[in-house]
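Residue numbers (the numbering used here), protein chains in the order written: chain A, -7 to 104; chain S, -7 to 104.
C-beta: ideal position from N, C-alpha, C; glycine also.
Written below as structure tokens is the structure these notes are about.
Number of protein chains: 2
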Amino acid sequence: MNENIIRQFKKGVLELIILKLLSKKEMYGYELVAELNRQSNAFHIKEGTLYPILYRLEDDGLMKTRWEQPASRVQPKKYYSVTDKGGQFMRESYAQWKALAEDITRIMEDAI
Amino acid sequence: MNENIIRQFKKGVLELIILKLLSKKEMYGYELVAELNRQSNAFHIKEGTLYPILYRLEDDGLMKTRWEQPASRVQPKKYYSVTDKGGQFMRESYAQWKALAEDITRIMEDAI
DNA sequence: ACAATGTGCTTTGTAATACAAAGTATATTG
DNA sequence: CAATATACTTTGTATTACAAAGCACATTGT
């Protein structure tokens, strides 16, 4: 019952965080999973969670990709980076999340 | 596209806010809708959003109800209040929301 | 008198998303 | 040579916010 509500809390914000991390540094999916699990206490995602989000963000034009062929590897890696539209979306959405978070905090921190 | 992400942001927290408001004062559904729309900027809910949440919370034993027959009215009103279990759930869940929110803030406020 | 609005509760259907689980393919380590 | 790590992909499930509509009664306005 309690794992479920955390799952609900995350809805939407994962996109935001992923956009943020990728706006700082181009990364490929597997790298991003490791980076997020390292940087965050609360967001420990698995690949099956991340990749569908990446595909969605790309479909919406918020991210662009390029395949790179590393010397040490037969299969190429798919690098993701944030488009202008993605950056704008990220900033706008974060502003809205903040407004919501302030509302929540104000109501929840109110004396009994 | 932007209305959608706000909808996602709300997932789970509506329960929290409803529990909080009802822990301060017993209310019936219609009253709660008005109260929430008054107290909050970001959470403007309609009845079709609220009542299913109330039923869920009651099913889970987080709230209890009583019908009251007002003199000025043929139909009774259904008053909701928070159970001990509901209060505990609210506090625990809010603590988890806060932890998540801090994570989000830390990551999102990080310099470009 | 009667239409419109307000109060109060309920049900049905839709879109979206986090996540687990499993699968594919190659490389590296013990 | 088996086990583990890297890297990407797909399928199915459970939840939830919300719109929209409906039902029943009361109170307005004209």
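query	result
Under a three-way DSSP split, which group does K3 of chain S fall into?	coil
Thinking C-beta only, is K3 of chain A closer than 7 Å to Q88 of chain S?	no
Report the rounded CA-to-CA distance for S64 of chain S versus E(-5) of chain A, giving the unit in angstroms.	44 Å
Going by CA-CA distance only, name the one from S:E7, S:E94 and S:Y20 that's closest to D52 of chain S.	S:E7
Using 7 Å as the limit for Cβ to Cβ distance, is L42 of chain A near chain S?	no
Quick check: the Cα distance between G21 of chain A and T57 of chain S, rounded to an integer number of angstroms?	48 Å
Measure how close the beta-carbons of V74 of chain A and L14 of chain A come, nearest whole angstrom, since I'm counting them as under 8 Å.	5 Å
Considering Cα atoms alone, identify which of A:E50, A:A91, A:K90 and A:I37 is closest to K77 of chain A.	A:E50
Could you spell out the range, first to last residue, of the alpha helix (DSSP H) harbouring S85 of chain S?	D76 to M100
Helix, strand or coil: how does DSSP classify R48 of chain S here?	helix
Between which residues of its own chain and E18 of chain S is the CB-CB distance below 8 Å, once the five residues before and five after are set aside?	Y71, Y72 and S73
In the segment 59 to 85 of chain A, which residues sit with their C-beta less than 9 Å from some C-beta in chain S, listed in chain order?	F81, M82, E84 and S85
Pull up the DSSP beta-bridge partners for E60 of chain S, would you.	S:K69
In angstroms, rounded to a whole number, what distance separates the CA positions of K38 of chain A and S85 of chain A?	24 Å
Going by the beta-carbon positions, is the gap between I180 of chain A and I(-3) of chain S smaller than 7 Å?	One cannot answer for residue 180 of chain A here, as it falls past the ends of chain A, which runs -7 to 104.
Can you give me, in chain order, the residues of the segment 89 to 102 of chain S that have a beta carbon less than 7 Å from any beta carbon in chain A?	W89, A91, L92, A93, D95, I96, I99 and M100
So is A26 of chain S buried or exposed if we call it buried at 16+ other beta carbons inside 10 Å?	exposed
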